[in-house]
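Structure, as structure tokens:
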Amino acid sequence: MLYYTVLLPWVVYFFLERIFFGKNNRYLFLPVLFLFFSLSFLSIQHYEFAEIFLFLYFVFLHFYFLRNLSFQVKFLLSFWYFSLFIFYIYAEGKVDIGFFIPITLITLAIRPYKRLLDAVFWIGIIVLNIAVSFFYLQYLPLSASLFSFFMLNLIVRRFLIKTEKDKLNYKKLIERALQTEVQNKLSQAESHLEITTKKLKAIFKISNYTVSTTDINLMAERILDGLLNIGYTGVVVYIDSKNILKKGGYFPNFKQFKEDIKFGKWQEYKKSYINDDERFLILPLQVGKEKLGFLAVYKKDGLPSKEVEYLSTYTNSVAIAVANITHFEELIKLQELTYKVFENLDIGIAVVDENLNMEMVNEAFKQMSSFKENERNIIEILPEITHLHKDLIKVKETLKPFETELASLNQKGRTFRIKILPLVVEELETPKIIILVEDITEKEQLENQIIETEKLAVIGKMAAGLSHDIKTPLAVIESAVFRIKKRVGENEEVLQFLEKIKQQTKRAEKIINRLLNYAKPSYWQIEYTNLKEILEEALEIALHSKDSKLKIENIDIKTNIEADLFVEGDKTALQQVFINLIINAFEAIEGKGIVEISLDKDGDYAKVIIKDSGVGISQENLKKIFDPFYTTKERGTGLGLAVVKRILEDHMGAIEVMSKKGEGTTFIIKLPLSKEKP
Numbered sequence: 001m002l003y004y005t006v007l008l009p010w011v012v013y014f015f016l017e018r019i020f021f022g023k024n025n026r027y028l029f030l031p032v033l034f035l036f037f038s039l040s041f042l043s044i045q046h047y048e049f050a051e052i053f054l055f056l057y058f059v060f061l062h063f064y065f066l067r068n069l070s071f072q073v074k075f076l077l078s079f080w081y082f083s084l085f086i087f088y089i090y091a092e093g094k095v096d097i098g099f100f101i102p103i104t105l106i107t108l109a110i111r112p113y114k115r116l117l118d119a120v121f122w123i124g125i126i127v128l129n130i131a132v133s134f135f136y137l138q139y140l141p142l143s144a145s146l147f148s149f150f151m152l153n154l155i156v157r158r159f160l161i162k163t164e165k166d167k168l169n170y171k172k173l174i175e176r177a178l179q180t181e182v183q184n185k186l187s188q189a190e191s192h193l194e195i196t197t198k199k200l201k202a203i204f205k206i207s208n209y210t211v212s213t214t215d216i217n218l219m220a221e222r223i224l225d226g227l228l229n230i231g232y233t234g235v236v237v238y239i240d241s242k243n244i245l246k247k248g249g250y251f252p253n254f255k256q257f258k259e260d261i262k263f264g265k266w267q268e269y270k271k272s273y274i275n276d277d278e279r280f281l282i283l284p285l286q287v288g289k290e291k292l293g294f295l296a297v298y299k300k301d302g303l304p305s306k307e308v309e310y311l312s313t314y315t316n317s318v319a320i321a322v323a324n325i326t327h328f329e330e331l332i333k334l335q336e337l338t339y340k341v342f343e344n345l346d347i348g349i350a351v352v353d354e355n356l357n358m359e360m361v362n363e364a365f366k367q368m369s370s371f372k373e374n375e376r377n378i379i380e381i382l383p384e385i386t387h388l389h390k391d392l393i394k395v396k397e398t399l400k401p402f403e404t405e406l407a408s409l410n411q412k413g414r415t416f417r418i419k420i421l422p423l424v425v426e427e428l429e430t431p432k433i434i435i436l437v438e439d440i441t442e443k444e445q446l447e448n449q450i451i452e453t454e455k456l457a458v459i460g461k462m463a464a465g466l467s468h469d470i471k472t473p474l475a476v477i478e479s480a481v482f483r484i485k486k487r488v489g490e491n492e493e494v495l496q497f498l499e500k501i502k503q504q505t506k507r508a509e510k511i512i513n514r515l516l517n518y519a520k521p522s523y524w525q526i527e528y529t530n531l532k533e534i535l536e537e538a539l540e541i542a543l544h545s546k547d548s549k550l551k552i553e554n555i556d557i558k559t560n561i562e563a564d565l566f567v568e569g570d571k572t573a574l575q576q577v578f579i580n581l582i583i584n585a586f587e588a589i590e591g592k593g594i595v596e597i598s599l600d601k602d603g604d605y606a607k608v609i610i611k612d613s614g615v616g617i618s619q620e621n622l623k624k625i626f627d628p629f630y631t632t633k634e635r636g637t638g639l640g641l642a643v644v645k646r647i648l649e650d651h652m653g654a655i656e657v658m659s660k661k662g663e664g665t666t667f668i669i670k671l672p673l674s675k676e677k678p
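Just so we're aligned: 196 in the numbering used here is position 196 of the sequence shown, and the numbers increase by one with no gaps anywhere.
Okay, here's the thing in structure tokens:
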């Protein structure tokens, strides 16, 4: 039984090790257990073999226990047990093998230890146990107990080490699992990010492609192409400003869009899905509160929320582009309108910089000035405004406008109003100057006509009153003169006085009649007439006038009226015009002189020039000669030239006078030529 006591710890150890640490070799437990009971049985039946069996079993256990040692250690261990076995055989049973059992513990001393303290402790315990067991055989169970304690300690240590390893392995497993999960999540995120990036790149690409044109119709086509190319089944786009409705691909709700556009319901569209399965999406093209149209997409596989975000971004860029193009087109139209107005204004406009160099000029300004493409300075182009140089500089410095009038620029006989205005714009570093040149000749003529009309109205009222108040006394005077002539007989002195009274009465009556004729409305008999014939007849009548008979003897008359020029007008009235002007020319000459009469064509006008070498007219009086009742003659009424001017204006003609004191006078008459020959 002593042997069994020694053997039992080894069996327990082997059992525990197989249970906790030898999961792959648990099947050995049953054979070992069977072997243990077999040895026990044999030892009881054949006591002489028990020691041998026990010895062999110890050999097996030690070899198993120290299986991880090197080959040299295993060889020494084998040699040790073999020597003990030989010694036991040759001793022929005289030596109790029980003495060798403690010695076998020495093999535990060669087991590797991780700490020096463990090695010293266990080796010391083993040697002490061997010594005690060897000298005191009754303490042999002590070796077995110590061996059991050693093996239990070893099992606990191995269990703790394995537990730590398991923890470490579990931790590594958890870390690997977490790392795998993180990698999976990261991979999913990268995949999602890659898809998102591709989508965004595609959206960005088609966005750039879409908005790279200024043609809204072409933009709508690009919207369809771009969205269809990145996988959408159907696309509808509507742009209200151009009434553009386009469809690409398959879109089931297209008819509904047409109805909504027709009745204006599209204005109520908001960003939303059209149906519950989230395959149809509508996005308004909107900038601020202004709705420009809408974009609708259809995808048979459905539209994820992320795609809705991408499409919203794309739609916003399209809406901004449409708004910019619309605004740009409006600006272009406004610019074109402004330019057309600028070019077609009858007011000359020039914009000059701070150095008075022209930057912009319209057609009217070119016609009014001596404009040349190689000349840029306003003073060079309009030398007539040289005296306004200081005013131009003053306008630039003070930013206050300036206005003046010039009698002529490069066109004689015309009046121009010049305005100089500052042009201050925030975008300009320095202010510009605007020069406005307006031809006010016709305006002044119209104003003069209004004044003349008012004068005529006054004269008409006055003439009507004079005709009644003066003609009656004149008739009484004339009747009295006739009666007195009958009574005085042959008294020459009285008859001479009566004749003077009669002449002055006739003169007063003539003045009244002329005044009435001047004031009353004109009723002309318009006909095609040859101006050459009218002029020749007028000259003939003027030559035989009693007012000019005494003058023409010392006057050299030169004529150049060979051209046949036809006009539409009243022959008698036109004849009266030329008679008055020719007689005035005769009367202006004191002593000897020359009168020149010519007829020529001037564009669409017939031009008559009547020139004399008489005393001339002062500049002060020159402005008044066409005013009614203005005259420098002792016996003049002041109505002759007023009547002439009125007749010519009624015939759409004009009269111009040039004269200097002591150098003679020139009258230029222009009448529009007839477009058809009689």
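Just so you know, even glycine gets a beta-carbon here, dropped at the ideal spot from N, CA and C.
Rounded to whole angstroms, the gap between the alpha carbons of lysine 289 and isoleucine 282 is 17 angstroms. Under a 10 Å Cβ-count criterion, arginine 115 is classified as exposed, with fewer than 16 other Cβ atoms of the shown protein chains found around its own Cβ. Glycine 249 and leucine 345 have their C-alpha atoms roughly 53 angstroms apart. Arginine 176 counts as exposed, since fewer than 16 other beta carbons sit within 10 angstroms of its beta carbon. For isoleucine 617, there is no enclosing alpha helix (DSSP H), as DSSP marks it with neither H nor E. The beta-carbon separation of lysine 532 and alanine 508, rounded to 38 angstroms, does not stay under the 8 angstroms limit for a contact. With respect to the 8 angstroms criterion, isoleucine 420 and aspartate 439 are not classified as neighbours on the basis of their beta carbons.
Under the rule that a run must span 3 or more residues, the beta strand (DSSP E) segments found entirely inside the region 221 to 290 read 234 to 239, 244 to 249, 280 to 287. Take the alpha-carbon of leucine 436 and the one of glutamine 575: they are about 42 angstroms apart. DSSP places serine 674 outside both helix and strand once states are collapsed to three, so it counts as coil. About 12 angstroms separates the beta carbons of lysine 271 and serine 305, which is beyond the 8 angstroms limit, so they are not a contact pair. Closest option to serine 613, judged by alpha-carbon separation, among Lys601, Asp627, Lys623, Ile597: Ile597.
Taking all protein chains in view, the Cβ of lysine 299 is crowded by 16 or more other Cβ atoms within 10 Å, so the residue is classified as buried.
Rounded to the nearest angstrom, the gap between the Cα atoms of glutamine 503 and lysine 485 is 14 angstroms. Of the other Cβ atoms in all chains shown, fewer than 16 fall within 10 Å of the Cβ of glutamine 183; this residue is therefore exposed.
Pairing phenylalanine 626 with alanine 606 gives a Cβ-Cβ distance that is not under 8 angstroms. Each residue's CA atom was taken as its position, placing lysine 611 and asparagine 355 some 47 angstroms apart. Per the coordinates, the alpha-carbon of asparagine 316 lies some 10 angstroms from the alpha-carbon of valine 322.
When the beta-carbon positions are compared, isoleucine 223 and tyrosine 238 stay at least 8 angstroms from each other.
Rounded to the nearest whole angstrom, the CA to CA distance from lysine 675 to isoleucine 668 is 22 angstroms. For the pair isoleucine 325 and isoleucine 244, the CB atoms are not nearer than the 8 angstroms cut-off. In its chain, beyond the 5 residues on either side, Val595, Ile610, Asp612 have a beta carbon closer than 6 angstroms to the beta carbon of alanine 585.
Linking glutamate 343 to methionine 652 through their CA atoms gives a straight-line distance of about 29 angstroms.
In this structure, the CA atom of leucine 178 is about 13 angstroms from the CA atom of serine 187. In chain order, Lys246 place their CB closer than 8 angstroms to the CB of glutamate 221, counting only its own chain and leaving out the 5 sequence neighbours on each side.
If you ignore the 5 residues before and after glutamate 375, its C-beta comes within less than 6 angstroms of the C-beta of Ile381, all in its own chain and listed in chain order.
Membership of phenylalanine 416 in the beta strand (DSSP E) is indicated by the continuous run 416 to 423. Selection Ile434, Asp301, Leu285, Gln335 evaluated against threonine 233 yields Asp301 as nearest (Cα-Cα). Sequence-distant partners of valine 395 (beyond 5 residues in either direction) whose C-beta falls short of 8 angstroms from its own C-beta, in its chain, are Pro401, Phe402, Ile420, Leu421, Pro422, Ile433. Across the set Asn357, Ala350, Lys645, Asn530, the C-alpha of Ala350 shows the shortest separation from the C-alpha of methionine 368. In this structure, DSSP gives asparagine 491 a state outside helix and strand, which the three-state scheme calls coil. For lysine 443 and threonine 404, the gap between their C-alpha atoms comes out near 16 angstroms. DSSP places lysine 390 within a helical segment (H, G or I) once states are collapsed to three. When only Cα atoms are considered, glutamine 525 and lysine 601 end up about 24 angstroms apart. Judged by DSSP secondary structure, phenylalanine 566 falls within the beta strand (DSSP E) whose first and last residues are 566 to 569. Inter-residue distance for glycine 640 and leucine 565 is about 25 angstroms (C-alpha atoms, whole angstroms).
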